[in-house]
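Numbering (the working numbering), first residue to last: 4 to 406.
We put the CB at the ideal spot given by N, CA and C, even for glycine.
For reference, the structure discussed in these notes is given below.
As structure tokens, this is what we get:
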């Protein structure tokens with residue numbers, strides 16, 4: 004799949020950080036992770052650090068799929084509000100999902116601290132009402148989160164104007180959020196994996212799978228066999244091609260990043276990411292070098308040529324929206340891009356085995372607006388499945404919930 008358009012900032016900023024070999028001969032390992040993006044890297048790291056012999060294969064260069072197009076907002080907040088999840092799955096399960104996402108952010112911080120140089124930064128998150136009619140639901144959301152111990156504060160219109168300098172009728176301010184350079188984190192994770200004895204290959208396409216009771220044989224496009232005890236399909240939005248069952252729909256999201264701005268110009272945006280109640284939503288965050296990154300304008304386009312043609316126009320629309328909130332900001336897109344993402348009906352990811360392939364093939368589908376947070380959760384969930392241990396999220400994040 005062609006998963007991105009335009010000039011994704013992370014790949015341009017970092018370049019090709021390391022070249023890995025293609026698979027040239029038969030490989031054996033405990034776990035084969037298919038997919039060399041941030042999801043595959045986090046899962047491979049978790050397994051390798053707990054004693055599993057891991058190999059990673061990527062059909063492009065490492066990190067060059069959706070990871071390069073990610074805007075990398077690390078939030079516990081799921082695209083589906085807590086109150087909506089509670090109505091669908093019960094309050095206990097909904098809170099469990101939100102709390103797991105909250106726990107994933109400090110877990111990602113620990114990963115970043117091990118690696119260094121990933122631009123991990125702690126933020127707050129401001130979820131604001133786009134329209135006055137959104138206020139009642141937003142206040143209900145705030146009360147439910149507060150009741151379950153999430154660190155949230157209510158800001159009225161006056162506080163928003165005073166603290167952030169834009170107009171909105173109300174907002175939830177969350178203490179827990181972060182950002183990272185996902186491309187660099189991916190490379191750092193896989194370099195560490197290789198130092199521990201793991202194997203990493205790129206420009207290697209898996210063409211077929213042959214699972215059996217004891218192992219999985221994956222065959223490359225050149226006919227070379229990789230034999231493993233377990234296989235993890237972490238190919239992002241391309242993973243759906245391996246399932247007959249339709250589990251999500253692909254969409255496109257658009258983003259741009261400015262040149263570095265003076266710290267005084269960014270103000271509170273240096274430490275707070277913004278997103279809104281409208282759907283599709285506008286979102287903003289700063290980068291470690293004081294750029295402003297804006298994203299949104301999502302649409303149902305899943306044809307690369309059509310998506311490519313929309314990048315510049317979408318970037319201008321995003322700049323206009325941000326400019327309406329913050330007229331003083333110099334919003335000239337330095338780089339603009341689009342990426343494919345998948346959207347599930349409930350905003351939750353899928354981690355685990357699917358009946359089509361049996362228990363030795365695990366899927367890691369970190370679908371949704373906070374995909375990296377989901378990937379951190381999925382790393383532990385996939386390891387638990389491979390080690391035959393129970394995990395409290397195994398059922399909620401599995402394919403069983405589609406039944």
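For a quick check, are the C-beta atoms of residue 236 and residue 367 less than 8 Å apart?
Yes.
In the structure shown, what three-state DSSP assignment does residue 104 receive?
In this structure, residue 104 counts as helix in the three-state DSSP scheme.
I'd like to check one pair, residue 216 with residue 78: are the Cβ atoms closer than 8 Å?
Contact: no.
Should residue 306 be labelled buried (16 or more other beta-carbon atoms within 10 Å of its own) or exposed?
That one is exposed.
Got a sec? Which residues, its chain only, sit under 7 Å from residue 337 by beta carbon, not counting five neighbours each side?
Closer than 7 Å at the Cβ level, and outside the excluded window around residue 337, lie 260, 261 and 262.
Taking just the CA atoms, how far does residue 298 sit from residue 2?
What the structure shows of the chain is the stretch from 4 to 406, and residue 2 is not part of that stretch, so it cannot be assessed.
Sorted by chain position, which residues of the same chain lie with C-beta nearer than 6 Å to residue 175's C-beta, five sequence neighbours on each side aside?
So the list reads 130, 145 and 155, once near-sequence residues are dropped.
Just to confirm before moving on: does the CB-CB distance between residue 231 and residue 48 stay below 8 Å?
Cβ distance not < 8 Å, so residue 231 and residue 48 don't count as in contact.
Tell whether a beta-carbon distance below 8 Å holds between residue 182 and residue 288.
Taking 8 Å as the Cβ cut-off, residue 182 and residue 288 qualify as a contacting pair.
For a minimum of 3 consecutive residues, which ranges assigned as the beta strand (DSSP E) are wholly contained in the region 16-51?
DSSP runs (the beta strand (DSSP E)) wholly in the region 16-51: 30-37.
Are the beta-carbon atoms of residue 494 and residue 397 separated by less than 8 Å?
Since the first residue shown for the chain is 4 and the last is 406, residue 494 is missing from the structure and cannot be characterised.
Determine the DSSP secondary structure at residue 329, reduced to helix, strand or coil.
If DSSP states are grouped into helix, strand and coil, residue 329 belongs with coil.
Which term fits residue 395, buried or exposed, when burial requires 16 or more other beta carbons within 10 angstroms of its beta carbon?
Classification for residue 395: exposed.
Find out if the Cβ-Cβ distance for the pair residue 324, residue 285 is shorter than 8 Å.
Yes, they are a contact pair.
Which of the three DSSP states, helix, strand or coil, is assigned to residue 207?
Reduced to three states, the DSSP call for residue 207 is coil.
Using three-state DSSP, classify residue 91 as helix, strand or coil.
Correct three-state label for residue 91: helix.
Counting only the same chain and skipping the five closest in sequence on each side, list residues whose C-beta sits under 8 Å from that of residue 99.
Counting only Cβ-Cβ distances below 8 Å, and skipping sequence neighbours, we find 395, 396 and 399.
How long is the line joining the alpha carbons of residue 60 and residue 13, rounded to whole angstroms?
Answer to the nearest angstrom: the Cα atoms are 21 Å apart.
Of the choices 167, 310, 42 and 46, whose alpha-carbon is the least far from that of residue 370?
For residue 370, the nearest C-alpha among the options comes from 42.
Do you know whose CA, among 50, 269 and 280, lies nearest residue 167's CA?
Among 50, 269 and 280, the Cα nearest to that of residue 167 belongs to 269.
Let me make sure I understand the geometry here. Which of 388, 53 and 375 has the alpha-carbon closest to that of residue 196?
It is 53.
I'd like the list of long-range same chain contacts for residue 56, defined as Cβ closer than 8 Å, with 5 residues on each side in sequence excluded.
Once the five neighbours on either side are set aside, the close Cβ partners of residue 56 are 32, 33, 34, 200 and 201.
Spatial neighbours of residue 20 within its chain, please: C-beta separation below 6 Å, excluding the five flanking residues on both sides.
Cβ neighbours of residue 20 beyond the five flanking positions: 190.
Please say whether residue 207 and residue 223 have beta carbons closer to each other than 8 Å?
Yes, the Cβ-Cβ distance between residue 223 and residue 207 is below 8 Å.
Relative to the C-alpha of residue 102, which candidate in 138, 149, 91 and 123 has its C-alpha closest?
Nearest of 138, 149, 91 and 123 to residue 102, Cα basis: 149.
Thinking C-alpha only, which one of 403, 375 and 275 is nearest residue 106?
Residue 375 is the option with its Cα nearest to residue 106.
Mark residue 242 as exposed unless 16 or more other C-beta atoms lie within 10 angstroms of its C-beta, in which case mark it buried.
So residue 242 ends up on the buried side.
Output yes or no for whether 8 Å exceeds the beta carbon distance between residue 365 and residue 233.
Yes; because the gap between Cβ atoms is below 8 Å, this pair is in contact.
Might you give, ordered along the chain, the residues of its own chain that have their beta carbon closer than 8 Å to the beta carbon of residue 104, omitting 5 neighbours on each side?
Hits under 8 Å: 78, 79, 80, 81, 373, 376, 377 and 380.
Measuring alpha carbon to alpha carbon, tell me which of 76, 75 and 96 ends up nearest residue 85.
With distances taken between Cα atoms, residue 85 lies closest to 96.
In whole angstroms, what is the alpha-carbon distance linking residue 293 and residue 258?
Going by the C-alpha atoms only, they are around 16 Å apart.
Give me the Cα-Cα distance between residue 15 and residue 342, rounded to the nearest whole angstrom.
So the two alpha carbons sit approximately 15 Å from each other.
How about residue 25 and residue 204: do their beta carbons lie closer than 8 Å?
The answer is yes: Cβ separation under 8 Å.
Taking the alpha helix (DSSP H) that residue 147 falls in, what are its first and last residues?
It spans 138-150 - the alpha helix (DSSP H) in which residue 147 sits, taken as one unbroken run.
Taking Cβ positions, are residue 172 and residue 142 nearer each other than 8 Å?
No.
Hey, quick one: how far does the beta strand (DSSP E) through residue 10 stretch, first residue to last?
No beta strand (DSSP E) holds residue 10; DSSP gives it neither H nor E.
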